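I have placed the structure first, in the form of structure tokens, so that the comments after it can refer back to it.
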Amino acid sequence: MAESAIIARVLATALDVDAAAWNTLLAQQSHPTPFMRHEYLAALETSDSATPRTGWAPRFMTLWEGDTLIAACPLYLKNHSYGEYVFDWAWASAYEQHGVPYYPKAVIAVPFTPVPGSRLLARDDAARALLVRAVCQWCEDENVSSVHILFASDDDVLTSAQQDLMLRHTVQFHWKNDQYSDFDHFLASLAQDKRKKIRQERRRVADAGVSFRWSRGADISAADWDFFYRCYERTYLEHGNPPYLTRDFFARMAAHMPEAWLLFVAERGGQPIASSLIAISALPSSTGSQKCQEFVAYGRYWGALERVDCLHFEACYYQPLQWCIEHGVVRFEGGAQGEHKMARALLPVQATSTHWLAHPAFADAVDRFLQREGAGVAEYLSELHERSPFKTA
């Protein structure tokens, strides 16, 4: 590929990016997720969820060969580190102590979404490498302190490492469907104490008179979306913070990406009392062809208007896992952090982000820190794997 024939354009909004071209490029990646679809990223902006007002100033780096989009990524300029789930507050503090500005920084990520997947959309490895170089060069020209590619795919990590970006590892918890015929078959694979605990927790919810129903895609009614948002908003407010996502964001999801959502509603006495919203993959591409993808579910949001013992576990784990088994989902990703998920058979996996810092001395210090932190994460993963909830041979 002749680099002289490639044109880089930095666009100020997702609305300036051709949706079909973006989604076509996404469908070619090794690890596409619904959160990187143009509809999702555009909705974050137009709903006032990820905007300059909330500290997420969007930029979209695009590479063109003639009229063909060959590489692209979402790029947000940030003046804080909220909503990322890869924590760099200590880095920002060190910069401040030495009188060096850390913000604005650049984040290549899906706002508020700690789901691993392709971030650097490219037609091939050469275009992906050129995209990384273009982003770092642009940030250096604009006096942006750093670039952070969060929850990157393996392809993104490999390219980042080849371009001398630093790697940082963290731990998530994912469930794998081992071709279970039903929920009891799944339970039978667990150690006796874990199996007993799950049955007890499910029984407490049922004994409290709580039942569940689920709706998928266009079958989720406007009333159910409204109820879900009441639950979601309340969860954040109970922790003293406003929710990251607005009601309008979910309205746009219902209008433009309904096939990506699965809603569970808990009811007692004929009234809804709680809900959990799950995202699902295996979406058709914008070209109309169905790309063969893993059928994956992603635990995302939940909330309750009443307190019932073990309701959170039922709504966020057991109901979704039962649905996944019944519908052939191969993996359920439980999101960031939470060792308690292991008792529900979500096993630890490594997730990776990559980082470039413009300041040489800080880059060197962070690199040494990441080497120590990485050794600790590896040891932590090893310890977690020794505590498997499944039966031993």
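In terms of the working numbering, the sequence shown is residues 870 to 1262.
Each residue gets a CB set at the ideal place from its N, CA and C atoms; glycine is no exception.
None of the values given here were measured: they were computed from a predicted structure.
Problem set entry | Alpha-carbon spacing of Phe-1042 relative to Gly-935, whole angstroms | Numbered from 1 along the sequence shown, position 173 holds the residue referred to as residue 1042. Numbered from 1 along the sequence shown, position 66 holds the residue referred to as residue 935. The straight-line gap from Cα to Cα measures roughly 43 Å.
Problem set entry | Any 3 or more C-beta pairs closer than 8 Å across the stretch 996-1016 and the stretch 1201-1220 | no
Exercise. Going by beta carbon distance, what residues of the same chain come within less than 6 Å of Leu-1131, once the five residues before and after it are set aside?
Worked result: Working through the sequence shown from its first residue, we reach residue 1131 at position 262. These residues qualify, in order along the chain: Arg-1085, Ile-1147 and Ile-1149.
For this session: Can you check the stretch 946-1026 for any alpha helix (DSSP H) of at least 4 residues that lies completely inside it and give the ranges in chain order?
Result: 958-966 and 994-1010
Exercise. Can you round the beta-carbon distance between Ala-1232 and Leu-1226 to whole angstroms, since I take them to be within the 8 Å contact cut?
Worked result: As a first step, residue 1232 is located in the sequence shown; it is residue number 363 there, counting from the start. As a first step, residue 1226 is located in the sequence shown; it is residue number 357 there, counting from the start. Confirmed, Cβ separation roughly 4 Å.
For this session: Would you check if the stretch 1095-1113 and the stretch 1055-1067 touch, i.e. whether three or more CB-CB distances between them fall below 8 Å?
Result: no
Exercise. What are the boundary residues of the beta strand (DSSP E) that includes Lys-1260?
Worked result: Translated into positions along the sequence shown, residue 1260 becomes position 391. Element bounds for Lys-1260: n/a, residue is neither H nor E.
Exercise. Going along the chain, which residues of its own chain have a beta-carbon closer than 8 Å to the beta-carbon of Arg-1002, five neighbours each way excluded?
Worked result: One-based indexing of the sequence shown puts residue 1002 at position 133. Gln-1032, listed in sequence order.
Problem set entry | Arg-988 and Gly-1243 closer than 9 Å at C-beta | As a first step, residue 988 must be located in the sequence shown, where it is residue number 119. As a first step, residue 1243 must be located in the sequence shown, where it is residue number 374. No.
Problem set entry | Touching by the beta-carbon criterion (3+ pairs, under 8 Å), the stretch 912-928 and the stretch 1164-1184 | no
Exercise. Do Cys-942 and Leu-884 have their C-beta atoms closer together than 9 Å?
Worked result: Mapped onto the sequence shown, residue 942 falls at position 73. Mapped onto the sequence shown, residue 884 falls at position 15. No, they are not a contact pair.
Exercise. Leaving out five residues before and five after Cys-1008 in sequence, what residues of the same chain have Cβ atoms less than 6 Å from its Cβ?
Worked result: Stepping through the sequence shown from its first residue, residue 1008 is reached at position 139. The residues are Ala-975 and Val-1016.
Problem set entry | Residue closest to Pro-1229, alpha-carbon to alpha-carbon, out of Tyr-1167, Ala-1077, Leu-999 and Met-1035 | Taking the first residue of the sequence shown as position 1, residue 1229 is located at position 360. Here the closest residue by C-alpha is Met-1035.
Exercise. Alpha carbon to alpha carbon, how far is Lys-1210 from Trp-933?
Worked result: Residue numbering aside, residue 1210 sits at position 341 when the sequence shown is read from its first letter. Residue numbering aside, residue 933 sits at position 64 when the sequence shown is read from its first letter. Rounded to whole angstroms, Lys-1210 to Trp-933 spans 43 Å at the Cα level.
Exercise. Quick one: what does DSSP say Tyr-1170 is sitting in, helix, strand or coil?
Worked result: Residue mapping note: residue 1170 aligns to position 301 of the sequence shown, counting from 1. Strand.
Exercise. Taking C-beta to C-beta, are Trp-1094 and Ala-1123 nearer than 9 Å?
Worked result: For the purposes of this step, residue 1094 is taken as residue 225 along the sequence shown, with counting starting at 1. For the purposes of this step, residue 1123 is taken as residue 254 along the sequence shown, with counting starting at 1. Yes.
Problem set entry | Beta-carbon gap between Val-955 and Pro-985 smaller than 9 Å | As a first step, residue 955 is located in the sequence shown; it is residue number 86 there, counting from the start. As a first step, residue 985 is located in the sequence shown; it is residue number 116 there, counting from the start. Result no, Cβ atoms of Val-955 and Pro-985 do not sit closer than 9 Å.
Problem set entry | Own chain partners of Leu-999 with C-beta closer than 7 Å, once the 5 adjacent residues on each side are dropped | Translated into the one-based positions of the sequence shown, residue 999 becomes position 130. Only Glu-872, Ile-875, Leu-932 and Ala-940 meet the Cβ criterion.
For this session: Would you mind giving the Cβ-Cβ distance between Arg-1200 and Lys-1045, rounded to the nearest angstrom? I have them listed as a contact below 8 Å.
Result: Along the sequence shown, one-based indexing puts residue 1200 at 331. Along the sequence shown, one-based indexing puts residue 1045 at 176. That belief holds up - the Cβ atoms of Arg-1200 and Lys-1045 are roughly 6 Å apart, short of 8 Å.
Exercise. Buried or exposed: where does Gln-898 fall if 16 or more other Cβ atoms within 10 Å of its Cβ makes it buried?
Worked result: In the sequence shown, residue 898 corresponds to position 29, counting from 1. By the neighbour-count rule (16 or more Cβ atoms within 10 Å), Gln-898 is buried.
Exercise. Cα separation between Cys-1179 and Glu-1070?
Worked result: As a working note, residue 1179 is residue 310 in the sequence shown. As a working note, residue 1070 is residue 201 in the sequence shown. Spanning the two alpha carbons is a distance of roughly 6 Å.
Exercise. Quick one: what's got a C-beta closer than 8 Å to Glu-1252's C-beta in the same chain, skipping five residues either side?
Worked result: Taking the first residue of the sequence shown as 1, we reach residue 1252 at position 383. The answer is none, since no qualifying residue turns up.
Exercise. Ala-961 and Leu-1019: beta carbons closer than 9 Å?
Worked result: Numbered from its first residue, the sequence shown carries residue 961 at position 92. Numbered from its first residue, the sequence shown carries residue 1019 at position 150. The answer is no: Cβ separation not under 9 Å.
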